[in-house]
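Quick notes on the structure that follows.
Number of protein chains: 2
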Amino acid sequence: MTSLTLYSPAGVLAKAAPLKLAARRLTALGFEVQIDAAALARHQRFAGDDDTRLAALHRVATQAPGIALAARGGYGLTRLLDRIDWKLIARSIERGTHWVGQSDLTALQLGLLAQAGLGAGAITWAGPLACEDFGRSIDAGGVDEVTRDCFLEAMSGALEAVGFRTEAGFDGLEVRGTLWGGNLCMVNSLLGTKHLPRIKGGVLFLEDVNEHPYRIERNLLQLHQAGVLDAQKAIALGEFSAWRKSPLDRGYTLKTVVQHLRSVTRTPILTGLPFGHVPTKVTMPVGARVTLLVQQRDVLIGWDHRHADGGQRDHRHDHVHEHAAPG
Amino acid sequence: MTSLTLYSPAGVLAKAAPLKLAARRLTALGFEVQIDAAALARHQRFAGDDDTRLAALHRVATQAPGIALAARGGYGLTRLLDRIDWKLIARSIERGTHWVGQSDLTALQLGLLAQAGLGAGAITWAGPLACEDFGRSIDAGGVDEVTRDCFLEAMSGALEAVGFRTEAGFDGLEVRGTLWGGNLCMVNSLLGTKHLPRIKGGVLFLEDVNEHPYRIERNLLQLHQAGVLDAQKAIALGEFSAWRKSPLDRGYTLKTVVQHLRSVTRTPILTGLPFGHVPTKVTMPVGARVTLLVQQRDVLIGWDHRHADGGQRDHRHDHVHEHAAPG
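Those protein sequence lines, which keep their order, are chains A and B.
Numbering of the first sequence is given in our numbering, commencing with residue 41 and proceeding in unit increments.
Numbering of the second sequence is given in our numbering, commencing with residue 41 and proceeding in unit increments.
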């Protein structure tokens, strides 16, 4: 039975119910679920003060459960970045821990990639959050089946690729590189700091929520002006959700942003990745080497699960598998 | 009579009336006002497409009026940064042009400082925008007198300092350095790119609008993690206006942000600068060498107007004065 710890590295949980519902559902899915002692801590808008959240992060890393699933995002990792024991996190991954999350967790995932360097100890998982995805009430739609199944299969090692439909015009594209990215605002919040990994020839995926297209464009142009976009082999855009139109837009939309970006960088920009602040999202290995293939309008991002599971050192394969199989 | 050109480098003007009202009022104040041919151009949310706005910027620089006052901010300069002829802008300043604005204009002001280097040709003016400050209807409060007078005196060369009240605890502080900064989001949007000036030992001023304190904190922490805050001699915070509380804040406020920042950097952080997206704002020379003095709770940021007016080369004093005196 795979152990799974729920912990809170960022925003406060307004209520305990979603976390408890998530714990029950994950238990029913076959995980041995533990809720970290400080998961419900409260300090202003944070799930405990900085020391509390940092201690929780390090405690989970020391315990090294099969899966470390963040309760929610919000805001909080930025305050911890300069204090995180990256080697401790990397060691937990080498011992088999799958760190899963998105949104504010992007800072943890990319900070690790920047500090621990590419390799088995720096692979984490862009995927669901406990409260938002497994704690969603039945009235609000319950657990998304695609999100759940993709998470389960990625954790067990059965999943080796995610697929989606994109726009016409990329038929035949085939690239290999490091998969990285996450929440666009969070990626940009690392620019100019030592916490941004310097990935060349990678596959960069991005999503965001509550951001008007002009802000999405400004962030993407900053990545371009910083040399990041041109240095990638492909860019996969996820969902940019929950923004509100302005009377000043006059026809300026997300499509305008993508068109403009395509006019400034030659790196292929694919849309349609099912990832972001939406119910249906894939789970993918951040920091792993992937192949991105396009056939007509079908995109496949594939990885070798032995590599994604920290198996770049061969003797570790079995050990990792043992920890990674749920149920 | 000082010539003053109104032009639109960024967001579209929803209506022509505020610009025309601003032109009438600035004429009444003694300026010879010209409205750039493309000031009312429209392309989606922009005041004309990129080529139109870039041409306007270069046209104004070539004409080199006494004052180049932006109609409004919004979003748009980010798209132009890689294409601006910085030497042309710098030459206009050496010929006597005062480039004035704030908000999105921060990108122009700091980009110039980064590309043209410190010196007489890189000094611009953080101050009012035409529509927002001189085009405000009587019903909405009309023109703010402090903003108007400070602008007039700064343009004429009569103003050599701005003063404000800050919190207790900084009595006796005295630093000298380059004044720079502007809109926090825009400063951060330059991080990691060649358009961020590398100012050491400076006086950094910052403001923002519509940004929740946690986003202000995230941006300030990014500046810290990028080494920018520690490299300054002082930081002056202006107004952070028009943000909305969240039920998740639980006591987390702008004060929390300032306290947290003071716990991570030893650079003095002064609050109370009258600058931002508010009616009352000072006009100050970006890129000029200033002295910041604190006596009890009174702060004075002073500059030598001969230097701020491009007079670092002595033979230029008279020439500049001639152009800079309004009326």
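Beta carbons are placed, not taken as given, at the ideal position from N, Cα and C, and that holds for glycine.
Can you tell which of the options has its C-alpha closest to the C-alpha of residue i?
i: tryptophan 220 of chain A; options: A/Ile107, A/Lys60, A/Val73 and A/Ala154; result: A/Ala154
i: valine 147 of chain B; options: B/Ala110, B/Lys240 and B/Leu53; result: Looking at the sequence shown, residue 147 of chain B is not valine but alanine. Ranking B/Ala110, B/Lys240 and B/Leu53 by Cα distance to alanine 147 of chain B puts B/Ala110 first.
i: proline 183 of chain A; options: A/Met195, A/Ala194, A/Arg123 and A/Ala170; result: In the sequence on display, residue 183 of chain A carries valine and not proline. For the residues A/Met195, A/Ala194, A/Arg123 and A/Ala170, the minimum Cα distance to valine 183 of chain A belongs to A/Ala170.
i: arginine 85 of chain A; options: A/Ala104, A/Asp76 and A/Arg119; result: A/Arg119
i: alanine 271 of chain B; options: B/Gly88, B/Arg306 and B/Leu301; result: B/Arg306
i: alanine 96 of chain A; options: A/Tyr47, A/Arg346 and A/Asp173; result: A/Tyr47
i: glutamate 257 of chain A; options: A/Ile239, A/Leu277 and A/Leu53; result: A/Leu277
i: leucine 128 of chain A; options: A/Asp144, A/Asp173, A/Tyr254 and A/Ala156; result: A/Ala156
i: leucine 94 of chain A; options: A/Arg112, A/Ile124 and A/Ala201; result: A/Ile124
i: threonine 296 of chain B; options: B/Pro253, B/Lys321 and B/Ser229; result: B/Pro253
i: arginine 99 of chain B; options: B/Pro314, B/Gly113 and B/Ala79; result: B/Ala79
i: valine 186 of chain B; options: B/Asp173, B/Glu247 and B/Ala180; result: B/Asp173
i: proline 308 of chain B; options: B/Gly316, B/Gln299, B/Phe315 and B/Pro314; result: B/Gln299
i: alanine 180 of chain A; options: A/Gly70, A/Pro319 and A/Leu340; result: A/Pro319
i: leucine 117 of chain B; options: A/Thr137, A/Gln262, A/Tyr115 and A/Arg329; result: A/Gln262
i: threonine 311 of chain B; options: B/Phe245, B/Arg238 and B/Lys60; result: B/Phe245
Helix, strand or coil: how does DSSP classify residue i here?
i: arginine 255 of chain B; result: helix
i: alanine 198 of chain B; result: coil
i: valine 73 of chain A; result: strand
i: histidine 138 of chain B; result: strand
i: glycine 151 of chain A; result: helix
i: glycine 182 of chain A; result: coil
i: aspartate 89 of chain B; result: coil
i: aspartate 144 of chain A; result: helix
i: alanine 54 of chain B; result: coil
i: arginine 188 of chain A; result: helix
i: phenylalanine 204 of chain B; result: strand
i: leucine 269 of chain A; result: coil
i: leucine 370 of chain B; result: Residue 370 of chain B cannot be examined here, being either before or after the span of chain B that is shown, 41 to 367.
i: alanine 110 of chain A; result: strand
i: histidine 317 of chain B; result: coil
i: valine 360 of chain B; result: Note that valine 360 of chain B scores a pLDDT of 30, beneath 50, so its modelled location is shaky and nothing firm can be said.
Within 8 Å (strictly less), CB to CB, does residue i reach chain A?
i: arginine 176 of chain B; result: no
i: aspartate 248 of chain B; result: no
i: arginine 205 of chain B; result: no
i: threonine 307 of chain B; result: no
i: arginine 112 of chain B; result: no
i: glutamine 84 of chain B; result: yes
i: arginine 258 of chain B; result: yes
i: threonine 164 of chain B; result: no
i: threonine 42 of chain B; result: no
i: threonine 45 of chain B; result: no
i: threonine 218 of chain B; result: no
i: threonine 102 of chain B; result: no
Counting only C-beta atoms, is residue i closer than 8 Å to chain D at any point?
i: glutamine 265 of chain B; result: Protein chains in the displayed structure are A and B, and chain D is not among them.
Could you check where the alpha helix (DSSP H) with residue i kicks off and where it finishes?
i: serine 132 of chain B; result: 126-134
i: proline 58 of chain A; result: 57-68
i: serine 303 of chain A; result: 294-304
Cβ of residue i less than 8 Å from any chain B Cβ?
i: leucine 121 of chain A; result: yes
i: glutamine 262 of chain A; result: yes
i: arginine 93 of chain A; result: no
i: arginine 329 of chain A; result: no
Where does the unbroken beta strand (DSSP E) through residue i begin, and where does it stop?
i: glycine 217 of chain B; result: 214-223
i: serine 229 of chain B; result: From DSSP, serine 229 of chain B is part of no beta strand (DSSP E); its letter is neither H nor E.
i: proline 335 of chain A; result: It is glutamine, not proline, that sits at residue 335 of chain A in the sequence shown. Here the beta strand (DSSP E) through glutamine 335 of chain A covers 329-335.
i: leucine 120 of chain A; result: Here leucine 120 of chain A belongs to no beta strand (DSSP E); instead the alpha helix (DSSP H) covers 117-120.
i: isoleucine 275 of chain B; result: 274-281
i: glutamate 247 of chain A; result: 243-249
i: threonine 311 of chain A; result: 309-311
i: threonine 45 of chain B; result: 43-47
i: threonine 323 of chain B; result: No beta strand (DSSP E) contains threonine 323 of chain B, which DSSP labels as neither H nor E.
i: valine 339 of chain A; result: 338-343
i: alanine 166 of chain B; result: 164-166
i: isoleucine 239 of chain B; result: Counting along the chain, isoleucine 239 of chain B falls outside any beta strand (DSSP E), and DSSP gives it neither H nor E.
i: leucine 80 of chain A; result: Segment: none, leucine 80 of chain A is in no beta strand (DSSP E) and carries neither H nor E.
i: leucine 169 of chain A; result: Segment: none, leucine 169 of chain A is in no beta strand (DSSP E) and carries neither H nor E.
i: alanine 104 of chain B; result: Counting along the chain, alanine 104 of chain B falls outside any beta strand (DSSP E), and DSSP gives it neither H nor E.
Any residues in the segment 278-293 of chain B with a beta carbon nearer than 8 Å to a beta carbon of chain A? Which ones, in chain order? Under the 8 Å Cβ criterion, the segment 278-293 of chain B contributes Ser286, Pro287, Leu288, Asp289, Arg290, Gly291 and Tyr292.
Pull out every residue of the segment 228-240 of chain A whose Cβ sits closer than 9 Å to any Cβ of chain B, in chain order. For the segment 228-240 of chain A, the set of residues with a beta-carbon nearer than 9 Å to any beta-carbon of chain B comprises Asn228, Ser229, Leu230, Leu231, Gly232, Thr233, Lys234, His235 and Leu236, in chain order.
So if I threshold CB-CB distances at 8 Å, which residues from the segment 48-82 of chain A count as touching chain B? Taking a C-beta cut-off of 8 Å against chain B, the contacting residues of the segment 48-82 of chain A are Gly51, Val52, Ala54 and Arg82, listed in chain order.
In chain order, what residues of the segment 309-325 of chain A put their CB closer than 8 Å to some CB of chain B? The residues in question: there are none.
Output, in sequence order along the chain, the residues in the segment 186-197 of chain B whose CB is closer than 7 Å to any CB in chain A. So nothing in the stretch comes that close.
For the segment 136-162 of chain A, which residues have a CB atom closer than 7 Å to at least one CB atom of chain B, in sequence order? If the cut-off is 7 Å between Cβ atoms, the segment 136-162 of chain A has nothing near chain B.
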